[in-house]
Every structure is written in structure tokens, then in C-alpha cells.
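Novice: First residue of the sequence shown: 180, per our numbering; consecutive thereafter.
Ideal placement from N, C-alpha and C gives every residue a C-beta, glycine not left out.
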Amino acid sequence: MPKPGPRTTYRYSDEFKATAVRLSQLPGVAIQDVAESLCIHPYMLSLWRKRAREGLIMTKGVSVDKGVAAELKELRRVKKAYEQL
Numbered sequence: 180m181p182k183p184g185p186r187t188t189y190r191y192s193d194e195f196k197a198t199a200v201r202l203s204q205l206p207g208v209a210i211q212d213v214a215e216s217l218c219i220h221p222y223m224l225s226l227w228r229k230r231a232r233e234g235l236i237m238t239k240g241v242s243v244d245k246g247v248a249a250e251l252k253e254l255r256r257v258k259k260a261y262e263q264l
């Protein structure tokens, strides 16, 4: 059952969207992990990726922090190791 009251709608900047898309395009990084780390729904990230493919979100020139990329890859590795246990 939905919560009573008004819905909370978040507005994200184009730079945030482009950075999220670039992070999800890194090799070895899952969309689910990126969405979880940015506290957004995976569907929203998939929608942004689609818009980037269509040219509605410009991802060229957006730099991804190497520390963040490494952390996401490490998170993926730890998650796989945990699932094997």
C-alpha cells in the first residue's frame, strides 16, 4: 500500500546523470552496483543509459574519478566472492 501524502520527486543534474552513465559503462561494473552506490533505482539508471544512447544526455567530456571506479570494481569482486560462499 502506498504511503499517504505527497510523493518525493528528486531532480538530478545532467552532469550527475552523465557521470552515472559513464560509471555504468566501465568494464566489470554492474548497473545494479552503480545504482546502489548512487542511491538511485536501477530502472532510472537504465533510462538514463537509453537517453545517452539516443543523444539526449551528453556523456562525452565527463570524467570519472578513478577512486570511485576502483571502489565499484572492488564491490563487484567482493559481492561475487560472498555469493560463492
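#1: Taking the straight line between their C-alpha atoms, what separation do you get for residue 284 and residue 211?
#2: Cα-Cα, which of 195, 194, 225 is closest to residue 209?
#3: By Cβ distance below 7 angstroms, which residues in the same chain neighbour residue 207 in space, the five residues on each side in sequence not counted?
#4: Residue 239 by DSSP, collapsed to three states: which one?
#5: Under 7 angstroms between the Cβ atoms of residue 202 and residue 257?
#6: Classify residue 230: buried if its beta carbon has 16 or more other beta carbons within 10 angstroms, exposed otherwise.
#7: Where does residue 233 fall in DSSP's three states?
#8: For residue 244, which of helix, strand or coil comes out of DSSP?
Specialist: On the basis of the data shown:
#1: One cannot answer for residue 284 here, as it falls past the ends of the chain, which runs 180 to 264.
#2: Within the sequence shown, the letter at position 30 stands for residue 209. If we check each option's Cα against that of residue 209, 225 comes out closest.
#3: Your numbering for residue 207 matches position 28 in the sequence shown. Within the same chain, residue 207 has close Cβ partners 252, 255.
#4: Position 60 of the sequence shown holds residue 239. Residue 239 falls in the coil class under three-state DSSP.
#5: In the sequence shown, residue 202 corresponds to position 23, counting from 1. In the sequence shown, residue 257 corresponds to position 78, counting from 1. No, the Cβ-Cβ distance between residue 202 and residue 257 is not below 7 angstroms.
#6: One-based indexing of the sequence shown puts residue 230 at position 51. By the neighbour-count criterion, in which a residue is buried when 16 or more other Cβ atoms sit within 10 angstroms of its Cβ, residue 230 is exposed.
#7: As a position in the sequence shown, residue 233 is number 54, starting the count at 1. Three-state result, residue 233: coil.
#8: Along the sequence shown, read from residue 1 onward, the residue named residue 244 stands at position 65. Coil, per DSSP.
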